[in-house]
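Residue numbers (this note's numbering): 165 to 362.
So, in structure tokens, the structure goes:
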């Protein structure tokens, strides 16, 4: 991506983000976003297919800092850089609370929320390399685990935001992990059984 293209792309996202924080999503028009970014509607469509894609890319922009921080789970501690994986998600939401409040309290298209859950499930799957290797359940593959975790995390975040509750991201992440880990570990391969079968 050239410097000019990257600059225009970022300008459209930031212009939309400013509007999104002050207006209902349904009221924001492509023309408004383009004008705020100092561009034409025709220019806008050179970067995004429409408002729905712009909303999604704006979420990715807000979430980027968190995603770049997340590493694979340590096989010994089940932590990522000393913290539970969900810490990074909860901390990103905490730092961008007003943005997420709009996401969960407005009439955002249902397709966005489906995409959001799929994205978080994919992040869970991506970072759980060690857990996936140890997991063995012929009926319920690890993709089910990833979607279960992402759904639970989104449900909790929605509750926290709607109820205007405060939280400590590390403490909350530890608690979330303490609930999820036993079930995941229960699906691990039994090394002793494998040896006995030989």
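Even for Gly, the Cβ is constructed at its ideal location relative to N, Cα and C.
Contact set for residue i: own chain, Cβ-Cβ below 7 Å, skip 5 residues either direction
i, result
"residue 315", "281"
"residue 270", "188 and 189"
"residue 153", "For the chain, the structure presents residues 165 to 362; residue 153 sits outside this window and is missing."
Contacting residues, own chain, Cβ-Cβ under 8 Å from residue i (five flanking each side not counted)
i, result
"residue 212", "176, 218 and 221"
"residue 329", "323"
"residue 227", "256"
Whole-angstrom distance between residue j and residue i, CA atom to CA atom
i, j, result
"residue 188", "residue 351", "44 Å"
"residue 288", "residue 243", "12 Å"
"residue 324", "residue 181", "22 Å"
"residue 349", "residue 299", "7 Å"
"residue 293", "residue 209", "38 Å"
"residue 246", "residue 206", "47 Å"
"residue 311", "residue 339", "18 Å"
Own chain partners of residue i with C-beta closer than 6 Å, once the 5 adjacent residues on each side are dropped
i, result
"residue 284", "314"
"residue 341", "248"
Buried versus exposed call for residue i [16 or more other C-beta atoms within 10 Å across all chains shown]
i, result
"residue 335", "exposed"
"residue 169", "exposed"
"residue 274", "exposed"
"residue 343", "exposed"
"residue 337", "buried"
"residue 332", "exposed"
"residue 304", "exposed"
"residue 172", "buried"
DSSP beta-bridge partners of residue i
i, result
"residue 247", "244"
"residue 299", "352"
Next on the checklist: Could you tell me which whole alpha helix (DSSP H) segments of length 4 or greater appear in the segment 242 to 291?
Outcome noted: 249 to 259, 261 to 269 and 274 to 291
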